[in-house]
Amino acid sequence: MFSGIGFSDTKVADTSSWSARREHVLLNYNNTLWILGGTSSGVTKDVYSSNDGLTWSTKTLNAAWGKRTNFSGEVFNGKMWVLGGSEDTGSSVYVGRNDVWNSTDGITWTQVTTNGGWTARTFFATATFNNKIWIFGGKSSNGPMLNDVWYSSDGITWTQATANAGWEPRDAHKVLVYNNKLWLIGGFGGTTIGKYQDVWSSPDGVTWSKVTSNANFSTSGLSSHNAVVFNNKMWVINGFNNTAVQNYIFQSSDGIQWERIAPLWTPRDTSASTVFNGKIWMVGGFDYNANRMNDIWTFWDQ
């Protein structure tokens with residue numbers, strides 16, 4: 067256990083019954099943890115659930131949305147949602163998707179639309195805000211980075227809030243809902259630009275204000291990180307800067323000043339995090355030594 071600056075972290079499990087993976091989704095739905103898809107030894111289409119984070123039940127090994135990675139998931143209107151990403155359609159042939167699926171049990175998935183109207187994309191960010199699902203940027207299937215914003219109240223009909231949000235096109239970023247605003251954090255602008263260490267906020271998804279260009283959660287930008295809201299603060303977890311994967315935790319109440327906490331787990335990116343049972347949970351990820359992980363950690367305010 068790490069104790070310091072008023073926080074603790076605890077390893078729940080070294081390994082889990084689900085295979086080690088990256089680029090998966092972790093949700094808190096109906097007071098249960100859910101793991102969806104991601105990349106293990108190959109791209110997966112499985113779903114697991116747990117009431118305690120230690121014992122996991124296999125809900126399905128063959129979700130209808132197919133072998134999917136670099137996608138996004140949300141809890142919205144009493145259902146779990148899967149959006150976009152990249153599907154392995156066979157022999158490592160990856161197809162970008164802009165479809166939308168939902169489920170109430172993790173077993174039966176309904177495709178509410180095959181084409182949301184937004185460009186098929188990977189490594190994008192999503193959030194639920196003002197009774198809508200929102201999509202932010204990402205990498206389009208045909209290559210260019212995006213900085214558009216879309217929203218929907220039903221997952222079927224999508225409206226473009228803006229084609230150019232003001233923040234630079236990017237992928238592997240995160241968006242949080244905090245203090246009645248949307249907050250965009252970090253991301254990757256491409257090989258010539260590198261990682262961003264900026265923070266932006268918006269009251270409506272259309273008009274964006276730059277909070278800082280140089281957040282101190284990194285000196286060289288950050289991408290493929292996790293982000294959650296917990297105890298009235300924004301938290302940034304793990305990720306990749308321009309030199310190496312990280313295992314930092316940073317928390318902030320204003321998006322400008324970020325307080326660093328050093329956890330015990332190994333550095334990684336493309337892990338997944340959520341808030342569950344009064345703690346932040348972090349699972350899996352990739353350390354760029356070809357090591358995927360399926361360990362589980364929690365941390366919280368002391």
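Position 250 of the sequence shown, counted from 1, bears residue number 316 in the numbering used here, the numbering being contiguous throughout.
Glycine included, C-beta positions come from ideal geometry on N, C-alpha and C.
> Would you call the CB atoms of Ala293 and Lys240 closer than 8 Å?
Replying inline: yes
>> Ignoring anything shorter than 3 residues, give me the beta strand (DSSP E) runs that lie fully in the region 168-194, in order along the chain.
In response: 176-179
> Does the Cβ-Cβ distance between Trp84 and Tyr114 come in under 8 Å?
Replying inline: yes
> What is the rounded straight-line gap between the Cα of Ile346 and the Cα of Thr180?
Replying inline: 33 Å
>> Excluding the 5 residues flanking Asn94 on each side, which residues of the same chain have their C-beta closer than 6 Å to its C-beta?
In response: Thr340 and Phe342
>> Could you compute how far the alpha carbon of Thr76 sits from the alpha carbon of Gln312?
In response: 18 Å
>> With distance defined between alpha-carbon atoms, name the residue in Ser107, Ile222, Phe283 and Ser206 nearest to His90.
In response: Selected option, being the one with the closest Cα: Ser107.
>> For a quick check, are the C-beta atoms of Gly204 and Phe190 less than 8 Å apart?
In response: yes
> Assuming Trp331 and Asp361 make a contact with CB atoms under 8 Å, what is their CB distance in whole Å?
Replying inline: With a Cβ gap of about 7 Å, Trp331 and Asp361 count as contacting.
>> Here's the rule: buried if 16 or more other CB atoms are within 10 angstroms of the residue's CB, otherwise exposed. What is Val159?
In response: It is exposed - the Cβ of Val159 has fewer than 16 other Cβ atoms within 10 Å.
>> Tell me the residue span of the beta strand (DSSP E) that contains Asn369.
In response: This structure does not reach residue 369, given that the chain is present from 67 up to 368, and the question cannot be answered.
> Taking Glu140 as the reference, which of Lys125, Thr121, Ala310 and Asn96 has the closest Cα?
Replying inline: Asn96
>> Going by C-alpha to C-alpha distance, which of Trp184, Gly183 and Trp167 sits closest to Thr176?
In response: Trp167
> Which whole runs of the alpha helix (DSSP H) in the region 93-122 are 4 residues long or more, in chain order?
Replying inline: none
> At which residues does the beta strand (DSSP E) containing Lys205 begin and terminate?
Replying inline: Lys198 to Ser206
> Closest to Gly221 by CA distance: which of Thr192, Thr228 and Trp249 is it?
Replying inline: Thr192
> Can you give the Cα-Cα distance for Asn213 and Lys299, rounded to whole angstroms?
Replying inline: Near 25 Å, if we compare the C-alpha coordinates of Lys299 and Asn213.
> Considering only the beta carbon of each residue, do Thr304 and Arg326 sit closer than 8 Å?
Replying inline: In the sequence on display, residue 304 carries Asn and not Thr. Contact flag unset, no.
>> In this structure, how does DSSP classify Ala130 when only helix, strand and coil are distinguished?
In response: coil
>> Determine whether the beta carbon atoms of Tyr262 and Gly232 lie at a separation below 8 Å.
In response: no
> How is Thr336 classed by DSSP in three states: helix, strand or coil?
Replying inline: coil
> At what residues does the beta strand (DSSP E) containing Arg87 begin and finish?
Replying inline: Unbroken run through Arg87: none, as it is neither H nor E.
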